[in-house]
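Q: Just passing along the structure, written as C-alpha cells.
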C-alpha cells in the first residue's frame with residue numbers, strides 16, 4: 001500500500017484521448033493490512049444519512065455505497081479489523097472539502113482515501129448558488145490532492161468518477177447539464193491520473209447498466225442520488241477496481 | 001426451494017443427544033430465484049433500528065445482521081432483484097410474533113423465512129415481566145412454525161439459535177441465566193429440526209469466536225445485543241449455513 005507504481009508516470013505522460021480508455025488504472029492496488037483505515041469523502045451521495053454528530057469507524061456509515069463496501073469488506077476480511085469511516089457531507093463541493101480537510105481527512109490518517117466530488121460543483125452553478133467553472137473544479141481538485149499527498153505520502157488515493165443518470169432533474173434539464181457535466185467528468189479523470197489515483201469509472205458503470213436494459217430511474221430516481229440498487233452496484237465496482 | 005429433504009424425517013427421528021451435533025442440517029438448501037422474497041423475523045437483535053413506520057423491501061433494514069446479509073446477497077446476486085424484508089421488533093417474544101404473524105409474515109409471502117427469537121422469553125421472565133417457562137417457549141414456537149408451514153407450504157424455514165455472550169448483564173447475572181438459557185436453546189434446536197428448518201448455530205459460532213481469543217464484549221457489549229463485529233459474523237455464518 002506504500003508505493004505508487006511507476007506506471008503512474010507512464011499514464012500521466014498520456015494524452016486526454018488516452019484518458020478515455022477504460023484500461024488506465026495506473027495506481028498500484030493496495031494491500032489491506034490489519035487495522036487499515038479506509039475513508040470515504042464526498043457529498044450527499046457519500047453522506048447518505050451517515051451519523052454526522054459523532055462519527056466513528058464502522059458505525060452509522062449511512063445507507064450508501066460506503067456502508068455497502070464496509071459490509072462487504074468486513075465479511076471478506078473479518079480478521080483484519082478494518083477501520084472504515086464515512087465523512088461525506090451533503091451539498092459539498094471541492095472548496096467545502098478543502099475547508100474541512102485537516103479535521104475530516106488528514107487527522108483520520110487513512111491508508112485508503114476515496115473521494116467522490118463534483119456533481120454539486122455544477123448543480124449549484126446551474127441553480128445560481130455558485131460561480132465556479134469547470135476549470136475552478138479542475139484546479140481546486142488538483143490542489144486538494146496535492147495537499148493530501150504532501151500530508152499523507154503513503155495514502156492510496158481513489159478518485160470516483162462523478163456521474164448522472166438520465167432521469168429526474170437531469171433528464172428534465174439535460175440541455176443545461178451537458179456538455180458542462182462531461183467536461184467536469186473528464187477533468188476529474190485527468191486530475192485523478194495526474195495524482196496517481198485509482199480511478200473508479202462510475203459513469204461508465206451506470207451507462208453499461210442502462211445499455212444492458214436497466215431503467216435509469218431504478219438506479220437514481222432524480223438522476224443524481226442512487227437508489228439502493230445503484231449504491232449496491234457502486235460498491236461492487238468500487239471493490240473490483242480498488243482490488244480489495 | 002420447494003421441497004424439504006427426506007433427511008428431515010431422519011433427523012427428527014433422532015434423539016436430543018443427536019441434536020447437539022453440529023452436523024445436523026437436515027433441511028434442503030434453497031435455490032434463489034429472481035425476485036425471491038427473504039424475510040427476517042425476531043426481536044431487537046433483528047430489529048436493530050430498522051424502519052418500522054413504512055417497512056419496504058431492501059430499504060431501512062436497520063444496522064443488524066439482516067442488513068449485512070442483504071448487502072452481501074445483493075452484491076453476490078445483483079441480477080436476481082431479491083426482495084429482502086426485516087420485520088423484527090424490539091422486545092418481542094414468541095407470543096408477540098404469533099399476534100402479528102398474519103400481517104408481518106404470512107402476508108409478506110416469503111420464500112425464505114428466518115426467525116431469531118428466544119432471549120426475551122427468558123429475559124422478561126428474569127425481570128418479572130413474563131411468566132412463560134422453557135416449555136411455554138418450546139410449545140409456542142412449535143405452534144408458530146406449524147402455522148407457518150400450513151400457510152406457506154413451500155417456504156424455506158431458517159431458525160437461528162438464540163445466544164448470549166458472557167459479558168454485560170448476562171455475566172453479572174449468570175446464575176439466573178443458566179441453565180435456564182441452555183434449556184431454551186436446546187428446545188429451539190428441537191423445534192427447528194422437527195419443523196424441517198435450517199438451523200443457524202449462532203451460539204456455537206460466538207463460542208468459537210471467544211475460544212479463538214475474541215473478547216465477548218467486542219461481540220456483544222451487554223451480552224445480548226451484538227456489536228457491528230458481532231452482526232457481521234452472524235451474517236457471514238447465516239449465508240454459509242443457509243447456502244445462498
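Residue numbers (my numbering), protein chains in the order written: chain A, 1 to 244; chain B, 1 to 244. Cβ coordinates follow ideal geometry from the N, Cα and C atoms, glycine included. Nothing here was measured: the structure is a model prediction, and the numbers come from that model.
Should residue 235 of chain B and residue 68 of chain B be called a contact, given that it needs their Cβ atoms to be closer than 8 Å?
A: Cβ atoms of residue 235 of chain B and residue 68 of chain B: closer than 8 Å.
Q: In chain order, what residues of the stretch 36 to 68 of chain B put their CB closer than 8 Å to some CB of chain A?
A: Listed in sequence order: 58, 59, 60, 63, 67, 68.
Q: In the stretch 72 to 88 of chain A, which residues sit with their C-beta less than 7 Å from some C-beta in chain B, listed in chain order?
A: The residues in question are 72, 74, 75, 78.
Q: What are the uninterrupted segments assigned as alpha helix (DSSP H) that are 4 or more residues long and contained completely in the stretch 154 to 190 of chain B, given in chain order?
A: Fully enclosed alpha helix (DSSP H) runs of 4 or longer: 168 to 172, 174 to 177.
Q: Label residue 56 of chain A either buried or exposed according to how many other C-beta atoms from any shown protein chain fall within 10 Å of its C-beta, with 16 as the threshold for buried.
A: Counting Cβ neighbours within 10 Å, residue 56 of chain A comes out exposed, since fewer than 16 surround it.
Q: I want to verify the contact list: residues of chain A whose CB lies under 8 Å from the CB of residue 236 of chain B, in sequence order.
A: The contacting residues are 75, 78.
Q: Quick one, which residues of the stretch 219 to 236 of chain A are near chain B if we go by CB-CB under 7 Å, in chain order?
A: Cβ contacts with chain B: 228, 232, 233, 235, 236.
Q: Who does residue 85 of chain B pair with in a DSSP beta bridge?
A: Beta-bridge pairing links residue 85 of chain B to B:39.
Q: Do you know how far the Cα of residue 54 of chain A is from the Cα of residue 125 of chain B?
A: Taking the straight line joining both Cα atoms gives about 36 Å.
Q: For the candidate residues B:182, B:29, B:206, B:202, whose alpha-carbon lies nearest to that of residue 112 of chain B?
A: If we check each option's Cα against that of residue 112 of chain B, B:29 comes out closest.
Q: Alpha carbons only, please: which of A:107, A:64, A:48 is nearest the one belonging to residue 91 of chain A?
A: The option with the nearest alpha carbon to residue 91 of chain A is A:48.
Q: Determine the extent of the alpha helix (DSSP H) in which residue 210 of chain B is found, giving its start and end residues.
A: Run containing residue 210 of chain B: 202 to 211, per the alpha helix (DSSP H) assignment.
Q: Starting from the Cα of residue 200 of chain B, find the closest Cα among B:174, B:233, B:175 and give me that residue.
A: Ranking B:174, B:233, B:175 by Cα distance to residue 200 of chain B puts B:233 first.
Q: Which term fits residue 215 of chain B, buried or exposed, when burial requires 16 or more other beta carbons within 10 angstroms of its beta carbon?
A: Residue 215 of chain B should be labelled exposed.
Q: Using DSSP with H/G/I as helix, E/B as strand and the rest coil, what is residue 113 of chain A?
A: Correct three-state label for residue 113 of chain A: strand.
Q: Assuming contact is defined by CB atoms lying nearer than 8 Å, are residue 66 of chain A and residue 86 of chain A in contact in what I supplied?
A: Contact flag set, yes.
Q: Roughly how far, in whole angstroms, is the beta-carbon of residue 176 of chain A from the beta-carbon of residue 130 of chain A, given that I think they are within contact range, below 8 Å?
A: Residue 176 of chain A to residue 130 of chain A, Cβ: 14 Å. No contact.
Q: The alpha helix (DSSP H) spanning residue 145 of chain B covers which residue range?
A: Its alpha helix (DSSP H) spans residues 134 to 151.
Q: According to DSSP, is residue 242 of chain A part of a helix, a strand, or is it coil?
A: If DSSP states are grouped into helix, strand and coil, residue 242 of chain A belongs with the helices.
Q: So within the stretch 48 to 76 of chain A, which uninterrupted alpha helix (DSSP H) runs reach at least 4 residues, ignoring any that extend past its ends?
A: 65 to 76, all fully within the stretch 48 to 76 of chain A.
Q: Judging by CA-CA distance, which residue of A:134, A:187, A:132, A:192 is the nearest neighbour of residue 157 of chain A?
A: The residue with the shortest Cα to Cα distance from residue 157 of chain A is A:192.
Q: Starting from the C-beta of residue 218 of chain A, find all residues in its chain whose C-beta is less than 7 Å away, skip the five residues before and the five after it, and write them out in chain order.
A: Once the five neighbours on either side are set aside, the close Cβ partners of residue 218 of chain A are 227, 229.
Q: Can you have a look at residue 208 of chain A and say buried or exposed, based on whether 16 or more other CB atoms are within 10 angstroms of its CB?
A: Exposed, because fewer than 16 other Cβ atoms sit within 10 Å of the Cβ of residue 208 of chain A.
Q: Identify which residue in A:88, A:183, A:84, A:122 has its Cα closest to the Cα of residue 170 of chain A.
A: The shortest Cα separation from residue 170 of chain A among A:88, A:183, A:84, A:122 belongs to A:122.
Q: Taking the alpha carbon of residue 145 of chain B as the point to measure from, which residue in B:101, B:52, B:44 has its own alpha carbon closest?
A: Of the candidates B:101, B:52, B:44, the one whose C-alpha sits nearest the C-alpha of residue 145 of chain B is B:101.
Q: Could you give the DSSP three-state label for residue 30 of chain A: helix, strand or coil?
A: In this structure, residue 30 of chain A counts as coil in the three-state DSSP scheme.
Q: With H, G and I counted as helix, E and B as strand and the rest as coil, what does DSSP make of residue 216 of chain A?
A: Residue 216 of chain A: helix per DSSP, three-state reduction.
Q: Which residue's Cα is closest to the Cα of residue 97 of chain B: B:212, B:77, B:133, B:46?
A: Residue B:46 is the option with its Cα nearest to residue 97 of chain B.
Q: Checking the sheet assignment: what are the DSSP bridge partners for residue 198 of chain B?
A: Its beta-bridge partners are B:158.
Q: To which residues of the same chain is residue 89 of chain B closer than 6 Å at the C-beta, ignoring the five residues directly before and after it?
A: So the list reads 47, once near-sequence residues are dropped.
Q: Near residue 186 of chain A, what residues of its chain come up, given a Cβ to Cβ distance below 6 Å and the 5 sequence neighbours on each side ignored?
A: Contacts found: none.
Q: Look at the alpha carbon of residue 239 of chain B and the alpha carbon of residue 76 of chain B, and state the distance between them as a whole number of angstroms.
A: Whole-angstrom Cα-Cα distance: 11 Å.
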